[in-house]
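Numbering of the sequence shown is given in the working numbering, commencing with residue 1091 and proceeding in unit increments.
Written below as structure tokens is the structure these notes are about.
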Amino acid sequence: MNTHFRIAIVRLSALGDIVNTAVVLQIIHKYYPQATVDWYVEEVFAPILKDHPLLHEVIALPLKRIKKTKSLTLLRETIQNLRARPSYDQIIDAQGLVKSALVTYFLKGDVHGFDRFSARERFAAWFYDTASSIPYELNVIKRNVQVITEALKIPYDENDIFYKKPLFPSYPKPVWMEDSQKSIACVIGASWPSKCYPKEHFATLCSTLPYPCYLVWGNEAERLDAQWIAENASNAILTPKMSLKELVSFISHCDLIIGNDTGPTHMAWAMNKASITLFGPTNERMIFPTVINLGIKSPSTVNILKINRNDFSIRDIDPSVILKKAKELL
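Encoded structure:
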């Protein structure tokens, strides 16, 4: 690959999926250290990729803003900006949605993605020049890596995932973190109510853990739940609202992260920190399990092709089970 080889990765959202895809940057750099890599992402998530040492440019797209405001002017501007981008030797849709495929359509270069049997939305595959057949049920991190390594014709080696370096730069420890022997982060929110471990169980868990438990929240409803936990568990501490970069810094200075199947919990794996991810309507397919990154699944059966958002079985995970695993990791 020559020094001017240009690669575009399209992974628009969400935080956890972006975090779980970022490992490919180290893999690309290992095999093609001189390649230029750009990443197209939804604007709200762009800060986590900004200034990444292995990215040439982060292109923030206002797709959610267009959808919310129905602004044709903003839509036209976005399309014009995409069409004005320099051409690429390889464009990769690592998301497999119609919206991500449409982004690739307005860029110049050969496009690779998931085939219609393995894309999350089958119609997306019509926009690709070449495609990978990777079962949707496969572990999401392995899927992300395989579609990109196949596009770039580089070997897929699971050791590249297992022995990764922290995926994002670390920053100084937040001034509000206590100087305790160890620190635990509890990620209490998620995108669906059925993915959330009950606040009462979190309060029980925090009260029995041996170190300060910092409660991570992302919106007002989560803040109120975190405040309730802090008031009902002597060991729990409400964190301030954090930007994405502050969140990365905070996670990198914790010794254990316990949380729901959501972006901040996945950040622990990304930063090579110990973690316990709690699953109800989803399962361990969403993480890359290691000796320090564990999943605890509720008793329910999950059909990953047809997720039941009304599966609230996460409530059935006993806090004592989490406590036992936490003490082992600590």
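Each residue gets a CB set at the ideal place from its N, CA and C atoms; glycine is no exception.
In the three-state DSSP reduction, T1391 falls in the coil class, being neither helix nor strand. Shown here, G1186 sits in coil according to DSSP, grouped into three states, outside any helix or strand. Judged by beta-carbon spacing, V1277 lies within the 8 Å limit of T1355, meaning their Cβ atoms are closer than that value. In the three-state DSSP reduction, Y1195 falls in the helix class (H, G or I). R1166: member of the alpha helix (DSSP H) spanning L1162 to R1173, first to last residue. Listed in chain order, the non-local C-beta contacts of T1239 below 8 Å within the same chain comprise V1114, I1117, P1245 and Y1246, local neighbours out to five positions each way being set aside. Collapsing the DSSP output to three states places Y1121 in a helix. Counting the other CB atoms within 10 Å of its CB gives E1310 a total below 16, which places it among the exposed residues. Exclusion of the five residues before and after Q1185 leaves V1100, R1101 and L1102 as the residues of its chain whose Cβ lies within less than 7 Å of its Cβ. Around I1251, the same chain offers V1113, I1231, V1235 and F1378 as residues with beta carbons nearer than 7 Å, after the five sequence neighbours per side are excluded.
In terms of Cα proximity to P1264, the closest of R1233, V1338 and K1198 is V1338. Residue pairing from DSSP places F1204 in a beta bridge opposite S1222. CA-CA distance, L1420 to N1110, rounds to 24 Å. For L1144, the closest of E1211, F1217 and P1256 by C-alpha to C-alpha distance is P1256.
The three-state secondary structure of Q1271, taken from DSSP, is coil.
In this structure, T1329 places its C-beta atom within 8 Å of the C-beta atom of L1305.
Contact annotation: the stretch 1264-1273 does not touch the stretch 1380-1390, with fewer than three C-beta pairs closer than 8 Å.
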